[in-house]
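J.: Using this note's numbering, the first residue of the sequence shown is number -15, and each one after it goes up by one.
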Amino acid sequence: MFRTRALVSALAVVVVLFGAAGAVSAENTDPGTETTESAAVAQQDLVEVEVVVEDRSGRTLSDIEVVAEWDNGTSTDTTTSSGRVLLDVPRDTEVEFTVNDTDGEFVRNRQPVTRTASEIDGVLRIEMAPRGQAQFSVVDSEGMPVNDARIRLFQGQNTVVDVAFTGPDGTAEISGVEQRNYTVDVLRSGFITAEESVNVNSSSVSETIELERSRVNVEFAVFDDYFQEPRPLEGAQITINSDESTRQIQTEENGRTEGILRVNTQYEVSVSLDGYLNTSETLNLGEEPASLTLTTQRVPSISINQLQDAIVVGQPTQVTITNAYGDPVEGVTVGLNGETVGETNGQGQVVFNITQAGENTITASYRGLTDSVTLQGVDANQGDGTDGEDGTDGEDGTDGEDGTDGEDGTDGDGTDGTDSDGADGTDGNGSEGGDAIGPGFGLFAALGALIAVALLGVRRRSA
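Now the structure itself:
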């Protein structure tokens, strides 16, 4: 019985170990299989392309380096004595082929040659030509060298093969190009463009090119385009800058002016006028007369226009906010003494009450623009015989209101002749008892007294 159990246990251990080994084996073989399959797929995506390098006569060229480049890949080899090379490239991906003669004897202007493998019908042929060089000398009509002239070498109508600029001695060199016929244009500010044909038929050729100076007329106009029909601006200063000079001119009444400028020159033209924004434009002047119109507007601003300079406290007032052209501005935030009181309507207006006596500050704010004014608030209860106004403190014999600062004719309307802010009937409306003339009766009492005196005199004479 014991032996049987031991045998069964041993068999179970063997089965478990065999299963684990199988699992490990499966894990180790699957990645290898996938790697092999991936490599096979990658190998199938590449195709072999034959490249032949030759000169214009069809003679094959040996020892030419051929490079094939595509996204995330490259392949390079050198042509054999038969001028051939085999390269592995992707089937349906664009590949750029470039050729290079390490000995420098042959060159190709138009690089690279772009193809997909499926576009190549058996063999890709790439042509090279003997290396050439051209020396240029650029002079003006007096034979003087022209510095900084741009020389462009064209193959065909539009393909620029190389570009060079002359030095202080007026010369420039273009090397490493195919020996063939080219078109050359020479451009220099202040000169008419020259165009010539050049035959680079050897390792080095020399050409002299003459340039002619020229200027053309340019008309400038400056307008204020705030208005539906832009208006001309008189007296605007126009500054014309180039790499070699600066000049200034002013517009006339019609907003226009003229200048004579060098041809084939780039100018930066700016305009300035008091009260207006500075503006500028680039003028690329060719060889024909030209015109340039510049527009500007007044410097942005807002202004508070008030109906009065003073108003009774508690009464409403209205302000109108206008822009630099005097037109109303809607949506302006208006404040009074630091507190917002409203926004302007479509007519640029807002109405609010003045809440305090004395100086009030009104502010306006709109898109970074501000303005402020002051408005005097007047207290309606001030100014009627109080403390220095209309019979106060020594005027009209009062020291309070309505000539009172006491009762029963004391210290007030000059009654009892006592201390009416002055002595002996002075500095008030009269004092010293019965000689005092009360307010509202002084003129009639005086006239009555004069009439009585006159009648008495007549009676005495009659008697």
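We put the beta carbon where it would ideally sit given N, CA and C, even for glycine.
Just to confirm, is the Cβ distance from residue 136 to residue 147 under 7 Å?
T.: Position 152 of the sequence shown, counted from the start, is the residue given in the question as residue 136. Position 163 of the sequence shown, counted from the start, is the residue given in the question as residue 147. A contact, by the Cβ cut-off of 7 Å.
J.: Taking the C-alpha atoms as reference points, what is the distance between residue 329 and residue 228?
T.: Here residue 329 refers to the residue found at position 345 of the sequence shown. Here residue 228 refers to the residue found at position 244 of the sequence shown. Going by the C-alpha atoms only, they are around 53 Å apart.
J.: Check for me: the beta strand (DSSP E) holding residue 256 runs from which residue to which?
T.: As a first step, residue 256 must be located in the sequence shown, where it is residue number 272. Taken as a continuous stretch (DSSP letters only), the beta strand (DSSP E) holding residue 256 covers 249 to 256.
J.: What residue range is occupied by the uninterrupted beta strand (DSSP E) comprising residue 138?
T.: For the purposes of this step, residue 138 is taken as the residue at position 154 of the sequence shown. Unbroken beta strand (DSSP E) run through residue 138: 134 to 139.
J.: In angstroms, rounded to a whole number, what distance separates the CA positions of residue 151 and residue 271?
T.: Reading the sequence shown from its first residue, position 167 is the one you call residue 151. Reading the sequence shown from its first residue, position 287 is the one you call residue 271. Whole-angstrom Cα-Cα distance: 24 Å.
J.: Using the beta-carbon count (16 or more within 10 Å), is residue 230 buried or exposed?
T.: In the sequence shown, the residue the question calls residue 230 occupies position 246. Counting Cβ neighbours within 10 Å, residue 230 comes out exposed, since fewer than 16 surround it.
J.: Buried or exposed: residue 128, going by 16 or more other Cβ atoms within 10 Å of its Cβ?
T.: Sequence index remark: in the sequence shown, residue 128 carries index 144 (1-based). Exposed, by the Cβ-count rule.
J.: Give me the residue from 180, 100, 59 with the minimum Cα distance to residue 168.
T.: The residue labelled residue 168 in the question sits at position 184 within the sequence shown. Answer by Cα proximity: 180.
J.: Kindly indicate the opening and closing residues of the beta strand (DSSP E) around residue 228.
T.: Along the sequence shown, read from residue 1 onward, the residue named residue 228 stands at position 244. Taken as a continuous stretch (DSSP letters only), residue 228 belongs to no beta strand (DSSP E), as it is neither H nor E.
J.: What number of angstroms, rounded off, separates the C-alpha of residue 488 from the C-alpha of residue 269?
T.: With the chain represented from -15 up to 447, any question about residue 488 goes unanswered, as that position is not in the structure.
J.: How close, in whole Å, do the beta carbons of residue 68 and residue 102 come, if the pair is a contact with beta carbons under 8 Å?
T.: In the sequence shown, counting from the first residue as 1, residue 68 sits at position 84. In the sequence shown, counting from the first residue as 1, residue 102 sits at position 118. So it is not a contact: roughly 20 Å between Cβ atoms.
J.: For residue 52, does the count of other Cβ atoms within 10 angstroms reach 16, so buried, or fall short, so exposed?
T.: Along the sequence shown, one-based indexing puts residue 52 at 68. Under this definition residue 52 is a buried residue.
J.: With a cut-off of 8 Å, do at least 3 Cβ pairs link the region 181 to 190 to the region 208 to 220?
T.: Contact between the region 181 to 190 and the region 208 to 220 is absent, because fewer than three Cβ pairs lie under 8 Å.
J.: Taking the straight line between their C-alpha atoms, what separation do you get for residue 23 and residue 72?
T.: Taking the sequence shown and counting its residues from 1, the one referred to as residue 23 is at position 39. Taking the sequence shown and counting its residues from 1, the one referred to as residue 72 is at position 88. Residue confidence for residue 23 is low, a pLDDT of 43 falling below 50, so the modelled location carries little weight; the figure read from the coordinates is stated next. Straight-line Cα distance between these residues: approximately 15 Å.
J.: Using the Cβ count rule (16 or more neighbours within 10 Å means buried), how would you classify residue 162?
T.: Within the sequence shown, residue 162 is the residue found at index 178, counting from 1. Buried, because 16 or more other Cβ atoms sit within 10 Å of the Cβ of residue 162.
J.: I'd like to know if the region 271 to 284 and the region 332 to 339 are in contact, where contact means that at least 3 CB-CB pairs between them fall below 8 Å.
T.: Flag = no, the region 271 to 284 and the region 332 to 339 do not touch.
J.: Is it buried or exposed for residue 90, if we count other Cβ within 10 angstroms and need 16 for buried?
T.: Against the sequence shown, residue 90 aligns to sequence position 106. Its Cβ being crowded by 16 or more others within 10 Å, residue 90 is buried.
J.: Can residue 286 and residue 353 be called in contact, C-beta distance under 7 Å?
T.: For the purposes of this step, residue 286 is taken as the residue at position 302 of the sequence shown. For the purposes of this step, residue 353 is taken as the residue at position 369 of the sequence shown. Contact: yes.
J.: For residue 300, report the span of its beta strand (DSSP E) as first-last.
T.: As a first step, residue 300 is located in the sequence shown; it is residue number 316 there, counting from the start. Note, residue 300: beta strand (DSSP E), 300 to 307.
J.: Expressed to the nearest angstrom, what Euclidean distance is found between the alpha-carbon atoms of residue 153 and residue 206?
T.: Counting from 1 along the sequence shown, the entry for residue 153 is found at position 169. Counting from 1 along the sequence shown, the entry for residue 206 is found at position 222. Going from the Cα of residue 153 to the Cα of residue 206 covers about 42 Å.
J.: Is it buried or exposed, residue 244, if we count other Cβ atoms within 10 angstroms and call 16 or more buried?
T.: To locate residue 244, count along the sequence shown from 1; it is residue 260. The residue is exposed, with fewer than 16 neighbouring Cβ atoms inside 10 Å.
J.: Does the separation of the CB atoms of residue 232 and residue 261 fall below 7 Å?
T.: Taking the sequence shown and counting its residues from 1, one reaches residue 232 at position 248. Taking the sequence shown and counting its residues from 1, one reaches residue 261 at position 277. No, the pair does not count as a contact, with Cβ atoms beyond the cut-off.
J.: How big is the Cα-Cα spacing for residue 105 and residue 98?
T.: Along the sequence shown, read from residue 1 onward, the residue named residue 105 stands at position 121. Along the sequence shown, read from residue 1 onward, the residue named residue 98 stands at position 114. Whole-angstrom Cα-Cα distance: 14 Å.
J.: Would you grab the beta carbon distance between residue 55 and residue 77 for me? Rounded to a whole angstrom, and I think it's under 8 Å.
T.: Stepping through the sequence shown from its first residue, residue 55 is reached at position 71. Stepping through the sequence shown from its first residue, residue 77 is reached at position 93. The pair is a contact, with the Cβ atoms about 7 Å apart (cut-off 8 Å).
J.: Taking all protein chains shown into account, decide if residue 43 is buried (16 or more other Cβ within 10 angstroms of its Cβ) or exposed.
T.: Counting from 1 along the sequence shown, the entry for residue 43 is found at position 59. With fewer than 16 Cβ atoms within 10 Å of its Cβ, residue 43 is classed as exposed.
J.: Which same chain residues end up closer than 7 Å to residue 38 when comparing Cβ atoms and leaving out the 5 residues on each side of it in sequence?
T.: On the sequence shown, residue 38 is found 54 positions in, with the first residue counted as 1. Correct list, in chain order: 44, 45, 67, 109, 111.
J.: Using the three-state DSSP reduction, which class does residue 156 fall into: helix, strand or coil?
T.: Here residue 156 refers to the residue found at position 172 when the sequence shown is read from its first residue. Three-state result, residue 156: strand.
J.: Since residue 133 and residue 171 are thought to touch, with beta carbons under 8 Å apart, how far apart are those beta carbons, to the nearest angstrom?
T.: Position 149 of the sequence shown holds residue 133. Position 187 of the sequence shown holds residue 171. Confirmed, about 7 Å.
J.: DSSP state of residue 103, grouped into three classes?
T.: Translated into the one-based positions of the sequence shown, residue 103 becomes position 119. Reduced to three states, the DSSP call for residue 103 is helix.
J.: Within the region 154 to 189, note down every full beta strand (DSSP E) run reaching 3 residues or more, in order along the chain.
T.: Counting only runs of 3 or more, we get 155 to 162, 164 to 171, 178 to 184.
J.: Does DSSP put residue 29 in a helix, in a strand, or in coil?
T.: Within the sequence shown, the letter at position 45 stands for residue 29. Helix, per DSSP.
J.: With 16 other CB atoms within 10 Å as the buried threshold, where does residue 149 fall?
T.: Taking the sequence shown and counting its residues from 1, the one referred to as residue 149 is at position 165. Exposed, because fewer than 16 other Cβ atoms sit within 10 Å of the Cβ of residue 149.
J.: My assumption, with CB atoms under 8 Å, is that residue 316 sits in contact with residue 350. Please give the rounded CB distance.
T.: Reading the sequence shown from its first residue, position 332 is the one you call residue 316. Reading the sequence shown from its first residue, position 366 is the one you call residue 350. Indeed, because the Cβ distance is near 4 Å, the residues count as touching under 8 Å.
J.: What are the start and end residues of the beta strand (DSSP E) that includes residue 344?
T.: In the sequence shown, the residue the question calls residue 344 occupies position 360. Looking at the DSSP string, the run of the beta strand (DSSP E) that includes residue 344 is 342 to 350.
J.: Is residue 115 helix, strand or coil when you go by DSSP?
T.: On the sequence shown, residue 115 is found 131 positions in, with the first residue counted as 1. Residue 115 falls in the strand class under three-state DSSP.
J.: Check whether the region 292 to 306 touches the region 354 to 363, taking contact to mean three or more Cβ pairs, one atom from each stretch, closer than 8 Å.
T.: In short, these stretches touch, since the Cβ pair count reaches three.
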